[in-house]
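**Q** Residue numbers (the numbering used here), protein chains in the order written: chain A, 287 to 401; chain B, 13 to 123. Let me begin by handing over the structure; questions about it come next.
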Amino acid sequence: KAGVTQTPRYLIKTRGQQVTLSCSPISGHRSVSWYQQTPGQGLQFLFEYFSETQRNKGNFPGRFSGRQFSNSRSEMNVSTLELGDSALYLCASSESSVANTGELFFGEGSRLTVL
Amino acid sequence: GQNIDQPTEMTATEGAIVQINCTYQTSGFNGLFWYQQHAGEAPTFLSYNVLDGLEEKGRFSSFLSRSDSYGYLLLQELQMKDSASYFCAVTLYNQGGKLIFGQGTELSVKP
């Protein structure tokens, strides 16, 4: 079974631009969640999608958005990029709710650098 | 607010035992997770405790005390490959799809 796939793996943007990151979950997994990882703030929850609906949302500004498609693939978008958005963005999938299944499978992440 | 505390760094010797503690202050606590992350790699799931007590999985065990808002990860027979960051994380009753992570403990295993 293929793991969680994230694209692109690395990207460089400038302030004010926008970026779209993509995530393909493990086949059969319907829940996709996104996390931002930085050295200072650690791993922070962005949002979770299940069956194309946003089920949970973290404390990030509205510049951060996401969506999930009918095949469970997910995208997240960050608009009007700021220097502080430089981070590793991790996507994770699970069969249902992580609280029910107890296991979350992470992709290797998309490393975004904002100049 | 939600707060999770774990040590920032720990060092141990190959073959030894190390315990990584985690305390949490959250409302609506549901369960405690542990994840391992090697440098430059994705976090990988280690364990999940919902009930009080010890869960053993080979060299790794995890413990939870809900009354003390405390848990730990116990690593036995340490190997060099265990050098990594270890994160505890909690889920809440009404937000089952969301993990709240601690800052992580960077474990260095020395020969």
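Beta carbons: idealized from backbone N, C-alpha and C, even for Gly. As the structure is a computational prediction, the values presented were derived from the model and not from experiment.
Measuring only the C-alpha atoms, how far is A/Gln354 from B/Glu89?
**A** Straight-line Cα distance between these residues: approximately 43 Å.
**Q** Extract the residue ranges of the beta strand (DSSP E) inside the region 20–101 of chain B, only unbroken runs of 3 or more that lie entirely within it.
**A** Here the runs fully enclosed are 21–25, 30–37, 41–49, 56–61, 65–69, 72–77, 82–87.
**Q** For B/Gln14, collect the residues of the same chain with a Cβ closer than 6 Å to its Cβ; drop the 5 residues on either side in sequence, then sort them by chain order.
**A** Within the same chain, B/Gln14 has close Cβ partners Thr38, Ile112.
**Q** Quick one: what does DSSP say A/Leu369 is sitting in, helix, strand or coil?
**A** Helix.
**Q** In its own chain, which residues sit with a C-beta less than 7 Å from the C-beta of A/Ala373, not counting the 5 before and 5 after it?
**A** Gln322, Gln323, Thr324, Leu398, listed in sequence order.
**Q** Of all the residues that make up the region 323–356 of chain A, which are near chain B by a beta-carbon distance shorter than 9 Å?
**A** Hits within the stretch, in order: Gln323, Gln327, Gly328, Leu329, Gln330, Phe331, Phe333, Glu334, Tyr335, Phe336, Arg341, Asn342, Lys343, Gly344.
**Q** Which residues does DSSP pair with A/Gln292 in a beta bridge?
**A** Answer by DSSP bridge pairing, in chain order: A/Cys309.
**Q** Note down, in chain order, each residue of its chain lying with its Cβ closer than 7 Å to the Cβ of A/Leu367, except the 5 sequence neighbours on either side.
**A** Excluding positions up to five away in sequence, the list reads Lys299, Arg301, Gly302, Gln303, Gln304, Val305, Val400.
**Q** Is B/Thr25 buried or exposed, if buried means 16 or more other CB atoms sit within 10 Å of its CB?
**A** With fewer than 16 other Cβ atoms within 10 Å, it is exposed.
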